[in-house]
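Trainee:
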Amino acid sequence: MKTHNFSAGPSILPQFTIEKTAEAIKDFAGTGLSVMEVSHRGKEFIAVMDEAQALFRELLNIPDDYSVLFLGGGASLQFCMVPYNLMSKKAAYLNTGAWAAKAQKEAKFFGEVVEVASSKDTVYNYIPKGFEIPTDADYFHFTSNNTIYGTQIRKDFDLDIPVVCDMSSDIFSRQIDVSKYGLIYGGAQKNLAPAGVAFVIVKNELLGKVGRPIPTMLNYQTHIDNGSMFNTPPVVPVFAALQTLKWLKDNGGIAAMEKINEEKAAMLYNEIDRNSLFKGTVLNKEDRSLMNVCFIMNDGYETLEKDFMDFATSKGMSGIKGHRSVGGFRASIYNAMPKESVQALIDCMAEFEKTHV
Ligand code: PMP
C-alpha cells in the first residue's frame, strides 16, 4: 500500500530529489566519494552551490540588487538575524500565528516592536485586515503561510518601508514579486530540501545601516561576501535543494506549480465543505492556505475523530494529525504532493462519511 505523506514539515519532497540525493550520497559527481565526505571548497561542491543560487534566482526572478544565501540555523535563527541586521529603533509585526509571534519576540531584544494586528484571541483562525503600518518603522514583518493554522496571505504588500516575510511554508508554491520585499527567509524543509538549511533573499542596500556591532556569523554581509561559504554550509541539504529546483524548472516553474496547488487545494476544501462529517477551521474562505489544509469533525461528530484517524491511517494517510493547538486534522499539500494522494484522502473522507452518517 502506498503511504501518502501529508506531514507539515519536514515533509514530502519530489521523488527526483530523493533519488538524486541518494545517488550522490553513494557517488557524488563521479568522484567516487559521497557528497557527505567531500570538501565544500572542492570544485564539484562549489558548482552545486553556484547552480543552486542561480536557479533559485531564475525561478523566483530575483533582481540583481538582491543576494541569495543558504544558511544554517533554520528559519528560527532568522527571527533574530532579521532585527539584528535591519532594526535601528522600531519594527512592525503582524501576529498571525505561533511562528509570527516567535519572530516578534526576538525582535523585542533589539528595539520597539509594534504589533499592527493579531488574531491570537481566536487561535489564529483568520488573517487580520485593515490594520495600519507605521511609516516610520524600519520594516514590516509578516508570515505568508501559517503552517499550524492553515491561513495564508497570498498578496505582496506594497509599502514605503521594507517588507520582510517568513515564507518557510509557501516559498516556490506561488508567484511572488521579490522586488516588493526587502528580505524573504524560510527553512527549507517544506518545499525545498531536508531540514538543515535556511534561505535568505535580501536587498543589498538595506544592510550596513544599523549602528550596533553584529557578531560575524549573524551578519548577513559576512555570508554575502563569502557566497554562503564563510563556514561549512549544510552540504547535503544544499545538494538536495538544487535537485528540487531542477525538478521545479522541469515541471514548468512556479506558475505551473501554483496552478496545480490551487487545483489540489480546491479539491480538498470542496470535500471538507461537502462532507457532513467535517468542517474547516479557518473562519474566512479567502484566508485558507493552499499548503496546509486544517479541518476538524463537524458539530455532533466530535467523538469520531479517533476513528477517522485510525481509518485514514489504515488507508495509508500519514501525518494528518492537526497541531495540538488546533486539534483535528491538517493535510499539508506542498508542491511535491501528487494530486492522486489528495484524491486518496478525499476518497477516504467520503468512504468514512458513507459508513458513519
Ligand atoms: N516559520 C514557519 C512559518 C514555520 O512553519 C516554521 C517551522 N515549521 C518555522 C518558521 C521554524 O522553522 P525552523 O524549524 O527551520 O526554525
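Going by our numbering, the first residue of the sequence shown is number 80, and it counts up by one from there.
C-beta atoms are modelled at their ideal positions from N, C-alpha and C, and glycine is treated no differently.
What do you reckon, is the C-beta of residue 222 under 6 Å from a heavy atom of the ligand PMP?
Mentor: yes
Trainee: Just verifying my parser: in three-state terms, what is the DSSP assignment at residue 193?
Mentor: strand
Trainee: How many Å lie between residue 99 and residue 271 at the Cα?
Mentor: 14 Å
Trainee: Rounded to the nearest angstrom, what separates residue 420 and residue 385 at their Cα positions?
Mentor: 21 Å
Trainee: Quick check: residue 348 and residue 90, are their CB atoms within less than 7 Å of each other?
Mentor: Residue 348 is not a Cβ neighbour of residue 90, given a cutoff of 7 Å.
Trainee: Is the segment 363–371 touching the segment 219–233 in the sense that three or more CB pairs, one from each, lie closer than 8 Å?
Mentor: yes
Trainee: Following the continuous alpha helix (DSSP H) through residue 353, name the residue where it begins and the one where it ends.
Mentor: 332–353
Trainee: At 4 residues or longer, what runs of the alpha helix (DSSP H) sit wholly inside the segment 91–151?
Mentor: 94–105 and 122–139
Trainee: Counting only runs of 4+ residues fully inside the segment 376–403, write out the alpha helix (DSSP H) ranges in chain order.
Mentor: 384–393
Trainee: With a Cβ-Cβ cutoff of 7 Å, do residue 265 and residue 282 count as a contact?
Mentor: No; because the gap between Cβ atoms is not below 7 Å, this pair is not in contact.
Trainee: Does the Cβ-Cβ distance between residue 36 and residue 148 come in under 7 Å?
Mentor: A query on residue 36 cannot be resolved here, the shown segment of the chain reaching from 80 to 436 and no further.
Trainee: Could you tell me if the beta carbon of residue 245 falls within a distance shorter than 6 Å of some heavy atom in the ligand PMP?
Mentor: yes
Trainee: When you compare only the Cα positions, how much space is there between residue 178 and residue 415?
Mentor: 23 Å
Trainee: Helix, strand or coil for residue 329, going by three-state DSSP, please let me know.
Mentor: It is helical.
Trainee: For residue 332, collect the residues of the same chain with a Cβ closer than 7 Å to its Cβ; drop the 5 residues on either side in sequence, then sort them by chain order.
Mentor: 138
Trainee: Say the cut is 6 Å; is the CB of residue 226 nearer than that to a heavy atom of the ligand PMP?
Mentor: yes
Trainee: Once you ignore the five residues that flank residue 343 on each side, which residues in its own chain have a CB closer than 8 Å to its CB?
Mentor: 369, 412, 416, 418 and 421
Trainee: Kindly confirm or deny that the segment 286–305 and the segment 355–364 touch, where touching means at least three C-beta pairs closer than 8 Å.
Mentor: no
Trainee: Helix, strand or coil: how does DSSP classify residue 259 here?
Mentor: Helix, per DSSP.
Trainee: What do you get for residue 83, buried or exposed, if any count of 16 or more other CB atoms within 10 angstroms of its CB means buried?
Mentor: buried
Trainee: Below 7 Å between beta carbons: does that hold for residue 316 and residue 276?
Mentor: Yes, these two residues count as a Cβ contact at 7 Å.
Trainee: Tell me whether residue 310 is buried or exposed, calling it buried when 16 or more other Cβ atoms sit within 10 Å of its Cβ.
Mentor: Exposed is the call here.
Trainee: Between residue 178 and the ligand PMP, is there a pair consisting of the residue's CB and a ligand heavy atom that are separated by less than 6 Å?
Mentor: True, at least one ligand heavy atom lies under 6 Å from that Cβ.
Trainee: Does the beta carbon of residue 155 fall short of 6 Å from some heavy atom of the ligand PMP?
Mentor: Yes, Cβ of residue 155 sits closer than 6 Å to a heavy atom of the ligand PMP.
Trainee: Would you tell me roughly how many angstroms separate the C-alpha atoms of residue 87 and residue 408, rounded to the nearest one?
Mentor: When rounded, the distance between both Cα atoms is 11 Å.
Trainee: Taking the alpha carbon of residue 152 as the reference point, which residue from 160, 379 and 136 has its own alpha carbon closest?
Mentor: 160
Trainee: Do the segment 324–341 and the segment 376–390 meet, that is, are 3 or more Cβ pairs less than 8 Å apart?
Mentor: no
Trainee: Taking the alpha-carbon positions, what's the residue 249 to residue 373 distance?
Mentor: 15 Å
Trainee: Assign residue 350 to buried or exposed, taking buried as 16 or more other Cβ atoms, counted over all protein chains shown, within 10 Å of its Cβ.
Mentor: Flag for residue 350 reads buried.
Trainee: Just checking my contact of residue 128 with residue 312 at CB under 8 Å: how many whole Å lie between their CB atoms?
Mentor: 7 Å
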